[in-house]
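As numbered in this note's numbering, residues 34 to 883 make up the sequence shown, in order.
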Amino acid sequence: MRNYLFIALVGIALLGALLVLFSTINQPDLGPSPAKTPQDELKTFQLEPGLAIQLVASEPLVQDPVFIQFDEFGRLWVVEMRGFMPDIEGLGESEPVGRINILEDTDGDGTMDISTIYLDSLIMPRALAVVGDGALVVENMALWWTKDLDGDGKADTKVMVDPDYAGNHLPEHSANGLLRGMDNWHYNSRSRFRYKRVDPEWIRDTTELRGQWGISQDNFGRLVYNYNWSQLHADLVPPNYLSQNPYHTPTTGIDHGLSVDRRIYPIRPNPAINRGYIPGILDEEGRLQEFTAACAPFYYRGTALPESYYGNVFVCEPSGNLIKRNVVTEDGIVLLAEDPNPGREFLASTDERFRPVNLASGPDGALYIADMYRGLVQHGAYITPYLREQTLSRNLLLPVNRGRIWRIVPEGLEPQLIPKLATYALDELVNTLFHINGWHRDIAQRLLVERNDPQSIPMLWKAIHKKEGNWGKIHALWTLEALGGLEPGRLTNLLLYPDPYVSATALRLLEPSAQKNLELEPIILSRITKTSLSSLNPFVLQLALSAPILLPISSLDILGKIITLHGDSPLIRDAVLSGLEDQQFAFLQFLLRHPEWDASNPEKEVVLEMLTGAIITKGDSKEVEQLLVFLEQHPPAQNWKYKPILTALTIGGGNRLEPIPLTQAPEITKTVGSNSLSPHQYTALANLFTWPGNEKKKELLAQSVKLTAVEQKLFALGRQHYLSTCSGCHGNAGEGVNRMGPPLAGSEWVTGDQKQLSLIVLHGMEGPLEVKGKTYDTPDILPVMPAHTSLDDGTLSAILTYIRNEWGNNAGAIDRRFIATTRNVTQGRVIPWGAEELKTYIQSEQEKSQ
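Structural data, given as C-alpha cells:
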C-alpha cells in the first residue's frame, strides 16, 4: 500500500512539474507585478469614453473588501475578508481577523474619510444586509443578526439566525448575497434558502438553488446571478412557482442563461490564473480569452451614468482584471444580453492586482466597485501547480490586506449631495418609491416596511392611483403586502392596468386572498376575460403560474387559451404545467377534446408529451388506464395525438421507482411487432407497468436494457431538456428541421466519439457538415449552431445521453463528470468548430491516448 501511495505522490509531482514546464511555452516572460499606490493604479485603467473613475477609499481605511452596500444615511458598509489566503497554503484563514467596516464622507468631497468598525474579530465574513438598526452578517459559516442599540455605529448584540447558512467551508462554493428582493425576502447565491424578518424572529424558507458569487435584481424583482464559467443568468419567473406541481420537472424559467458569450478582452497578459497552462486559455500575448472567475453581476438601476447604461448588467472578472458590460433586452418574457462593444471592455486595467469582486450603486446613482487588490485570488483548495509557481516566482502573494473602492461617473461630474433617507417622513418615503434611481426605491420600501406605520397605507394607495411610474407602483404594492395593507378590491381593478408588470404584480399579490375567499374568483375571472392574452408578456406568464387560484373549470379554460396561443414558448409550457398543480389529466382530456387541437404541430406534440409525462410521474392507475384506452380507440393512422402520448409513456418510466399496477394487460401491448407498437416500445411499456402475468416479460426486459437504472433516469430527464432546448432546430423526433438544424437520428456526430459530441454542444458548430452521406449547409440549416456553455454539466449530460440512445441511436450514456472535464480542458475555445477541424482535433486526441 505504501508503495502505491509513493508512486501516486510521485505521479502527482511529475504532473505538476510538466504543467509548469508546459506553461512556459509560448507565453510572455513576465516578471513581478509590484503593488501600486491607489494613485498609480488609477493611471492603469481603460474606461469607456465619456466616463471617469474616481477613488472613494483605500487602505488602511479599507482592506480586502468583498462586499459593499450603502445604507439610508449614505454610509458605505464594507465586508472585509482579511483572512483570505494569507499565504500560498491558505493557513490562517480560520483566524478572527475579518470585520464589517462603515465608511463615511463627512465633507461631501466624494472621498470616504471616517471608518467605524461595526463588527470585528470575524472569521471569513462574506456578506451582509443592512436591516433596521442593525445588519444580517454572514460569518464563520453562519448567519447572524446583529444590532446597534445605542446608535454609535458599532454592533452591541450578535444572535445566530442560521448555523448552517454557508453550506460549505470553501469560499468559492459557500452561500452569499443576502439581497433584499422586491418581495421582502432576502435571497442568496449558492444557496437554497431565503430569509425574512417577521418580528421578532427571522424565518427561513426553501427556494431554488442559484449562482455562485453575487446576486442582484432588475426593476421587476427578477433575480440575476452567475457562475465563474457562465457570466450571466437570471430567473424569468418569481421564486418557487415552477415547483408548484410535484409531478412536473421544469427545464426553463429558473437559471436562464442570458448570454452564451464567454469572450473577454483584457488589456494586459493574465498568466497568473489557475488553468493558464491549458492551450487556448491565453492568447499569443498571454491574455485571458474567456471568463474563468465571473462573479458579482450587477443590474444597474442608477442615474449617474448616461441613459444608455440604465438596465445594463455589469459582470466582474477579477482574473482578467476587468468588468464587462451587457445590454439586456426583453423578447416577450425572455431576457437576452449582449456585449455592446466587442473587443473593448467597460473597464479594464493593466494592473495585475486589480481584482473587482463586487459592485453596488448608491444615493448618487454612480457605479461603485470593490477592488480586493491582491495578487492571488484563487482559494488554496483549488490552486494548480501552475498557479502556485506563477504566484511564488513572480512575487504575487504579498502584500495582502490592501483594497480600494472606486466610483464610475460621467466625466466632469462633481460629487453629489447625499440625501439621508433615514430622516424622511412617511410621505417623503412614499414619494421616494417613485424615484428614478432604483437604490432610492429599494431603501424607501425597506424603511416603510420597518417603520410599520399604518398611516402609510392610505398614502401608498393614493400614490398607486395618482403618481406616474410603473416601477414605483410595484414597490408600493410590495410595501403594502409587508404592512398587511393590501385590499383585494383594488388589486382586482389593477388586473386591467395597461402595464403588464403592474397587473402581473397585482395578480400575484391577490393569491392569498383568493385562496381564502372563493367569492373573489368570479371577480378575478371577469377581469381576466377582459384582458387580451394574444401578446406574450409578464401578465400572461403570471396568469399561467397563478391559475390555481381559479376553480378548475375556469383555470383549465384559461390555461388552454394560453397554451394554444403561446405553446411554442418553452417557458409558457413549463408555467402552464406548473400552474396545473394536480390537474394534468383533466387538462389533457380538455385538450384532446378541444377543436383547436384537431390539427397537429410540433409544439402541440410537445405539450401532450409533457402532460402525459406528468401523469406517468403521478402514477394514478385509473388515470393511466383511461389514457391507454384513448390510445386503443385512436390508433396512429387516425389520430396524431397517439404518437406524443406513446412517446411519453415509453420514456416516462425512467423516472419511476416502482411500476404502475394495471388490472390487465393493455390492448396496445398485444400488438407488438405491428405498426402501432414496436418491440422497443413494448419492452418500455412492460417496464413501466405491471399486470397479472407480465413478470416473465420484465425479466426478459432486464436482459435487453443497456442503460443502468440511473442512466435511464438521466435519459428521461434528457428528453425534457431536449424538448425545451433542442427540438426547435432538430425536431421532436430528431428528424431535423428545414432551415434550422440537421437530423440527429442516425447521425454519426451523435453516436460517434463522445468527446466530439461534447465539444459541439460546449462550443458550437458551423457548417457545412455531412450527416448520413448528405451535406448540410446554409440555407438548408442555420449557419452556426450556438454554444450551450450556459447549461450546466448535469443538463448537458442528460441531453446527450438522451439523443445518443433515442430514435434508433444506441451509443450509451455520457457522465456529467466527462462533460465537466471536457469543459475544463478546452477552456479558451471561443469560436464554433468546423467539421474538418473538429475531426482533426479528435483524431489527434485519440492518437495521443494510444
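Ideal Cβ placement from N, Cα and C applies to all residues, glycine included. Note that the structure is predicted; figures quoted are calculated from it, not measured.
Cβ pair residue i, residue j closer than 8 Å
i, j, result
"L315", "S352", "no"
"T650", "Y274", "no"
"T873", "K788", "no"
"L516", "V482", "yes"
"Q277", "E544", "no"
"L592", "S567", "no"
"N261", "A326", "yes"
"L242", "R227", "no"
"A188", "L155", "no"
"F620", "L589", "yes"
"Y415", "N307", "yes"
"W472", "V89", "no"
"P400", "G335", "Correcting the residue identity first, residue 400 is Leu in this sequence and not Pro. Yes. Within cutoff."
"S823", "S263", "yes"
"T564", "L610", "no"
"W235", "W178", "yes"
"C762", "M773", "yes"
"W866", "A778", "no"
"A608", "L574", "yes"
Neighbour-count burial assignment, residue i, 16 or more Cβ in a 10 Å radius
i, result
"I864", "exposed"
"A537", "buried"
"G131", "buried"
"I836", "buried"
"S426", "exposed"
"Q736", "With a pLDDT of 39 at Q736, under the threshold of 50, the modelled position of that residue is not reliable, and the figure given next carries that caveat. Q736 comes out exposed."
"S56", "Since pLDDT at S56 reaches only 44, below the 50 mark, its modelled position is unreliable, and the value read off the structure follows with that caveat. Answer is buried; the Cβ neighbour count reaches 16."
"D631", "exposed"
"S780", "buried"
"G184", "exposed"
"E732", "In this predicted model, E732 has a pLDDT of only 42, less than 50, meaning its place in the structure is not dependable enough to derive any value."
"K703", "exposed"
"T808", "exposed"
"S654", "exposed"
"N209", "buried"
"G685", "buried"
"S127", "exposed"
"I847", "buried"
Counterpart residues of residue i in DSSP-defined beta bridges
i, result
"P448", "Answer is none; P448 lacks a bridge partner."
"W235", "R230"
"V804", "K807"
"Q250", "L256"
"H219", "R213 and Y228"
"I866", "The displayed chain sequence assigns Trp, not Ile, to residue 866. M798, per the DSSP bridge assignment."
"S331", "Residue identity differs from the one stated: residue 331 is Phe in this sequence, not Ser. Answer by DSSP bridge pairing, in chain order: F347."
"V112", "F100 and I133"
"F722", "I693"
"M818", "M798"
"E371", "V360"
Inter-residue CB distance, residue i and residue j (contact presumed, cutoff 8 Å)
i, j, result
"L161", "I133", "6 Å"
"G200", "S207", "6 Å"
"L430", "G408", "6 Å"
"T285", "S757", "5 Å"
"W504", "N217", "Contact flag wrong, Cβ pair sits at about 16 Å."
"E385", "A305", "7 Å"
"I300", "Q79", "5 Å"
"V817", "E803", "Wrong, their Cβ atoms sit about 17 Å apart, outside the cutoff."
"G726", "T834", "No, G726 and T834 are not in contact; Cβ-Cβ is about 32 Å, not under 8 Å."
"S249", "E371", "Not really, about 18 Å apart at Cβ, beyond 8 Å."
"P775", "I814", "6 Å"
Distance cut-off 7 Å: residue i Cβ against heavy atoms of the ligand GDP
i, result
"D615", "Among the ligands in the structure shown, none appear at all, so the ligand GDP cannot be discussed."
Would you mind listing the beta strand (DSSP E) stretches within the stretch 145-210 that are 3+ residues and don't spill past its ends, in chain order?
147-155, 160-164, 167-172, 175-180 and 190-195
Pick out the complete alpha helix (DSSP H) segments inside the stretch 731-796, 4 residues or longer, and give them in chain order.
742-758, 760-763, 781-784 and 787-796
If you scan the stretch 500-556 from start to end, which runs of the beta strand (DSSP E) of 3 or more residues do you find wholly inside it?
none
In the stretch 375-401, which residue ranges form an unbroken beta strand (DSSP E) of at least 3 residues, counting only runs that do not cross its ends?
380-382 and 389-394
In chain order, what are the residue ranges of uninterrupted alpha helix (DSSP H) at least 4 long that sit wholly in the stretch 78-106?
none
Quick one: which unbroken alpha helix (DSSP H) runs of 4-plus residues sit fully inside the stretch 239-324? Chain order, please.
none
Jot down the residue ranges of each uninterrupted alpha helix (DSSP H) in the stretch 432-478, minimum 4 residues, whole runs only, in chain order.
459-465
Could I get the ranges of all uninterrupted beta strand (DSSP E) runs contained in the stretch 341-369, with 3 residues as the minimum, in chain order?
346-350 and 355-364
Could you give the uninterrupted runs of the alpha helix (DSSP H) lying entirely in the stretch 558-641, keeping only those of 4 residues or more?
571-578, 585-599, 603-612 and 617-626
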